[in-house]
Amino acid sequence: MFAATHPARLNTLALLGVALLAAVLASLALGSNPISVAQVLQALLDPASDPDAVVWGSRVPRTLVGLLVGACLGVAGTIMQGQTGNPLADPGLFGVSSGASLAVVLGAYLLGHDSMSVSLLLAMAGALVASVLVFGVASLSRDLANPVPLAIAGTAVSALLNAVISFLVLTNASSLEAYRVWVVGSLGGRGLEGLSLVLVPALAGLVLALVNARSLNSLTLGLDLARGLGETVWRARLVGLGAITLTTASAVAVAGPLGFIGLTAPHVGRALVGGNHYRLLPASALVGAVTLLACDVIGRLIGGGQAEVPVGVVLAVLGGVAFVAIVRRAKLAAM
Amino acid sequence: MIMKSRLLVAAVLALLTLAACSSTGTPAASSSATQSAVADTGWSYTDDTGKTVTLAARPERIAGFADQMLTLLSYGIRPVAIFGRVDVASDPRFADYDLTGIEIVGNAYGEIDLEALAEAQPDLIVSAVYPSDREGTVDSTSPYYGMKDLEQQGKIEAIAKVIAVKVGGTGLGLIESNAKVALALGAEQATVDAAKATFDTAAANLTKVAAEHPLEVTVMYADADGIYLVKPEDEPQTELYKSLGVKLTELDPDGAYYWDIYSWENAGKVMGGDIILLSNEGYQIEDLKKQATFATHPALVAGQVHSNPYVAMDYAAQAKTMDQLAAWLSESQDV
C-alpha cells in the first residue's frame, strides 16, 4: 500500500520541485546589492564579468548552503518526529544543537577567538559528541526500542549543556561575542569552504534517512506492529539517530542553530504528500530548502539597502506565524 | 571592542527608550566638565553630563570602569577597585600596570560584585556614558556604561557617588575630559603635562607622516553579517586621527550614527583603503581572506591589515598608538 504510487502526490512533489527552482532563482537574482538580473545572468555564464564577485563569491555558495541546510533540517525534523512519535519534536531534541553551541563557546573561551572555520569544525564535533552522549545515557535504560529514554536523555543532556553555555557566556565577554554572532543563525559570509566541510556528512545523513524510511513507516504503526512486520527496532533507532545527528550537525555547523524549519517542514510535507516516509522525506527536504532560501532572500531585501537581516531572525518571526497558522488550520495529519 | 560596546549600548538604549517612552528624558547638558576644588567647603566636580558631585574632602579611594581606571593609572592614580567589560587581569591594556592590591570587582559587562565593591570602600566611582547620536545626546534614563540597569546603578550609587566621562565628541576633548578627572582627583599637573608633551610630539609626527604618505585608512569590524565601517567623525579615536590629517575611509558621513553595515555581497563598496585597521573582535585576517567578495581587497592582498584593539583615551596610550599608525603609514604601499 505504501509503495503504491499516487499520481496526485507525485504531482505535489513535482510542484515542490518547481517551487525550489523558483527559490533558487530568487536567491541568485535578489540580494542586498542591487545588481540587475541581466548582470547576474551574464556573471553566471561568464564568471569574469561578475561584479565584485557578488554572484560567484556570495550568491552561488549561499544558495547551495541554503539548499543543503534547509533539506537537512527538513529531513532531520521528519525523522525525529517519526522516531519519537511526537509531532512537536525538533532536530535539537537529542542535544545536537546544544552540543554544537557549547563547542563554539568553548572554542572562543579556550582558544580566545571566534574564527568562522574553527567554529564550523567545533560545531560539527560538538554535535557529534552530544549525540553519542545522549545515545550512551539512553542505552543505560537497556530499552532502545522505546523512544522515551532517548527523548529524556536528550532533554537532560541539552539542559546540562545549556547551563554550561550560560555559565561560560555570562562570565566571559569574548565567548559571548562568538556565541552572539553564531547563535542567531545566518547564511551570510559562508563560502564554499563551509559547504565542502559539511557536504559529506550531510549527504551521508540524507542517505541514512532514506535507508530509515521503511522503518519509520513501520514505527508509525506502533512498536508491536513494527516488530510484527519484522522490524529490528534497535537497529531502526540507530540508523535514525545517525541520520538525525549527521544532518543536524551539518546544518548547525554551517548556519548556526536555525529554528522552526525542522519543526514545521515535516508538518507541511505531511499535509502535502501524506505520512509515507518514502514521499514525506523528499517532500520535507524540499519544503525545508524552499523555506530557508525564501526567508534568506527576504532577509537580504529588508536590511535597508546595503545591510541584511540574518535568516535566523526572519525564520523566528515568519516561522512562528506560519506554525500558528498550521495549528489553526487544524489539518495536522495524524502521525 | 569599543565598536561592539557601542552596539550593546545602542541595543540597551533602544530597549530603555521603548520601556520609558512616556517619560520625558531630560537632555543632558553637554557643557564641558568643570572642576572646582574648594579648600574650605570640600571637593566638588561637575562631570560631562552636567551632574555635580560634592564631597567633604577630595576622594582618595577611587573605583570605576576599566577604561576610565586605565586613564587614571596613566596619570599615577591607583584605584582601589575596577570593573571591566572583559576579564581585567588578562586585559592587555593593564599589562603595564601592577594591579596588586586593586580589587577586581567585575569581568563582564554589567556583572559587578557589589559586595566586593562595597568592601573596597570607594569614596568615588568613575564611570562612562556613550551618546546615542551625533549630537551627543545622553539618555538620562539608561544606566552608566558597564552597569547592567538602573537598579544596579542605584545600588552602586548607594556605595559611593558616581561621576561619568562622556565617550563621544572629539578625541582630543575625550582625552582632556579624562585628564581633567585625573587632575581633580589629585594627579600631578607635571605628570599630565609631560604625557601631553609626548602626545603633542606624536601628533605632530603623525600629521607630518600623513602628509608625506597620504594613504587611506579603513577602520572596521567584520562578522557573518558583513563589514561594519566606522564613521570617522563619530568615534573619538578616529576623529582624532582625522583632525590630525590622516585620510580615513568615509563613504556616508551622514545617515546612521557610528557605523554603516555592508553585507558581504556589498563588500565591493568598501575596497578603497590602503591600510585596514581591523577590530580585534569578530572576523580576523584569515576570515577576511575567505570572503570571496573581499579577498581581493588590495590592502588585504598587500598584507596591510592590522589588529585594532580599543586603546585607553589618555595622552600616553594615544601617543603610542599614533606612533604605531605613523609607522604603518610610512611602511605601507599605496595600493
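Chains as they are written, first to last, in my numbering: chain V, 34 to 368; chain A, 171 to 505. Positions of the beta carbon are idealized from the N, C-alpha and C atoms, including for glycine. All figures in this text were calculated on a predicted structure; none of them were measured in a lab.
- Pair within 8 Å by beta-carbon distance, K439(A) and E420(A): In the second sequence, counting from the first residue as 1, residue 439(A) sits at position 269. In the second sequence, counting from the first residue as 1, residue 420(A) sits at position 250. No. Outside cutoff.
- Query: For Q222(A), which of Q323(A), Q238(A), K331(A) has the nearest alpha-carbon?
  - Reply: Counted from its first residue, the second sequence places residue 222(A) at position 52. Gln is not the amino acid found at residue 222(A); the sequence shown has Thr there. Looking only at Q323(A), Q238(A), K331(A), the smallest Cα-Cα distance to T222(A) is reached by K331(A).
- Mind checking which residues open and close the beta strand (DSSP E) that includes A251(A)? Residue numbering aside, residue 251(A) sits at position 81 when the second sequence is read from its first letter. Membership of A251(A) in the beta strand (DSSP E) is indicated by the continuous run 251–253.
- Cα separation between E210(V) and S91(V)? Indexing the first sequence from 1 puts residue 210(V) at position 177. Indexing the first sequence from 1 puts residue 91(V) at position 58. E210(V) and S91(V) have their C-alpha atoms roughly 24 Å apart.
- Item | Residue range of the unbroken beta strand (DSSP E) whose run includes E273(A) | Reading the second sequence from its first residue, position 103 is the one you call residue 273(A). First-last of the beta strand (DSSP E) with E273(A): 273–276.
- Task: Thinking A304(V) and S65(V) are a contact (beta carbons under 8 Å), I'd like their distance in whole angstroms, please.
- Result: Taking the first residue of the first sequence as position 1, residue 304(V) is located at position 271. Taking the first residue of the first sequence as position 1, residue 65(V) is located at position 32. S65(V) and A304(V) do not touch by the CB rule: their CB atoms are close to 33 Å apart, not below 8 Å.
- Task: Report the neighbours of P343(V) on chain A: residues whose CB is nearer than 9 Å to its CB, in chain order.
- Result: Locating residue 343(V) in the first sequence gives position 310, counting from the first residue. Listed along the chain, the chain A residues whose CB falls inside 9 Å of the CB of P343(V) are A394, D395.
- Bridge partners of D430(A), per DSSP? Working through the second sequence from its first residue, we reach residue 430(A) at position 260. DSSP, once it has assigned bridges, lists L399(A) as partnering D430(A).
- Task: Report the option in A288(V), L254(V), A192(V) whose CA atom is closest to the CA atom of L228(V).
- Result: Counted from its first residue, the first sequence places residue 228(V) at position 195. Minimum Cα distance to L228(V) is reached at A288(V).
- Using 8 Å as the limit for Cβ to Cβ distance, is S433(A) near chain V? Within the second sequence, the letter at position 263 stands for residue 433(A). It does; some Cβ of chain V falls within 8 Å.
- Message: Going by DSSP in three states, A52(V) sits in which element: helix, strand or coil?
- Response: Along the first sequence, one-based indexing puts residue 52(V) at 19. A52(V) falls in the helix class under three-state DSSP.
- Continuous beta strand (DSSP E) stretch holding A334(A): start and end: As a first step, residue 334(A) is located in the second sequence; it is residue number 164 there, counting from the start. Run containing A334(A): 331–336, per the beta strand (DSSP E) assignment.
- Query: Taking C-alpha atoms, which residue in R95(V), V217(V), R268(V) lies nearest to S251(V)?
  - Reply: Counted from its first residue, the first sequence places residue 251(V) at position 218. Cα-wise, what sits closest to S251(V) is R268(V).
- Runs of beta strand (DSSP E) lying entirely within the region 462–500 of chain A, each at least 3 residues, in chain order: Every beta strand (DSSP E) stretch that sits fully inside the region 462–500 of chain A and reaches 3 residues is listed by chain position as 475–478.
- Item | Environment of V240(V) [buried if 16+ CB atoms lie within 10 Å] | Here residue 240(V) corresponds to residue number 207 of the first sequence, with the count starting at 1. Exposed is the call here.
- Item | P84(V) CB to nearest heavy atom of the ligand ADP below 7 Å | The ligand ADP is not part of the structure shown, which contains no ligands of any sort.
- Item | DSSP three-state assignment for T307(A), whether helix, strand or coil | As a position in the second sequence, residue 307(A) is number 137, starting the count at 1. Looking at T307(A) - three-state DSSP - the assignment turns out to be coil, as it is neither helix nor strand.
- Message: According to DSSP, simplified to helix, strand and coil, what is S297(A)?
- Response: Stepping through the second sequence from its first residue, residue 297(A) is reached at position 127. Three-state result, S297(A): strand.
- Task: Report yes or no: do three or more beta-carbon pairs, one from the region 268–282 of chain V and one from the region 76–93 of chain V, lie closer than 8 Å?
- Result: Note that the region 268–282 of chain V does not touch the region 76–93 of chain V; fewer than 3 beta-carbon pairs, one per stretch, sit closer than 8 Å.
- Residues near G195(A) by beta carbon distance below 7 Å, same chain, minus five either side: The residue you call residue 195(A) lines up with position 25 of the second sequence. Interpretation of G195(A) is limited by its pLDDT of 36, a score under 50 that renders its predicted location unreliable; no figure is taken from the coordinates.
- Message: Beta-carbon within less than 8 Å of G306(A)'s beta-carbon, same chain only, minus the 5 sequence neighbours each way: which residues are those?
- Response: Here the question's residue 306(A) lines up with position 136 in the second sequence. The beta carbon of G306(A) sits closer than 8 Å to those of S200, K336, G338, G339, all from its chain and outside the five residues before and after it, given in chain order.
- Query: Where does M390(A) sit, in a helix, a strand or coil, going by DSSP?
  - Reply: By 1-based counting over the second sequence, the position of residue 390(A) is 220. When secondary structure is reduced to three states using DSSP, M390(A) falls in the strand class.
- Task: Report yes if the CB atom of V538(A) is closer than 8 Å to the CB atom of E273(A), and no otherwise.
- Result: Not covered by the structure: residue 538(A). The range shown for chain A is 171 to 505.
- Query: Should L203(V) be flagged as near chain A, meaning a C-beta pair shorter than 8 Å?
  - Reply: Taking the first sequence and counting its residues from 1, one reaches residue 203(V) at position 170. So, interface residue.
- Message: Residues in the same chain with beta-carbon distance under 7 Å from Y432(A), minus the five sequence neighbours each way, listed in chain order, please.
- Response: Residue 432(A) sits at position 262 when you count from the first residue of the second sequence. When the five nearest sequence neighbours on each side are left out, the beta carbons in the same chain lying within less than 7 Å of the beta carbon of Y432(A) are those of G396, I397, L399, K439, V440, in order along the chain.
- Query: Sorted by chain position, which residues of the same chain lie with C-beta nearer than 6 Å to G128(V)'s C-beta, five sequence neighbours on each side aside?
  - Reply: For the purposes of this step, residue 128(V) is taken as the residue at position 95 of the first sequence. Excluding residues within five positions, the ones whose Cβ falls inside 6 Å are A163, V167, G187, V190, S191.
- Query: How many angstroms separate the CA atom of N195(V) from the CA atom of L135(V)?
  - Reply: Numbered from 1 along the first sequence, position 162 holds the residue referred to as residue 195(V). Numbered from 1 along the first sequence, position 102 holds the residue referred to as residue 135(V). If I take the Cα positions, the gap works out to 7 Å.
- Compare the C-beta of E409(A) against all C-beta atoms of chain V and say whether one is closer than 8 Å. Working through the second sequence from its first residue, we reach residue 409(A) at position 239. At a cut-off of 8 Å between beta carbons, E409(A) makes no contact with chain V.
- Verify the CB distance criterion: does G438(A) have a CB-CB separation below 8 Å to chain V? Along the second sequence, read from residue 1 onward, the residue named residue 438(A) stands at position 268. Chain V has a Cβ within less than 8 Å of the Cβ of G438(A).
- Query: Would you report the Cα separation of Q114(V) and L344(A), rounded to the nearest angstrom?
  - Reply: Position 81 of the first sequence holds residue 114(V). Position 174 of the second sequence holds residue 344(A). Q114(V) and L344(A): Cα-Cα distance of roughly 58 Å.
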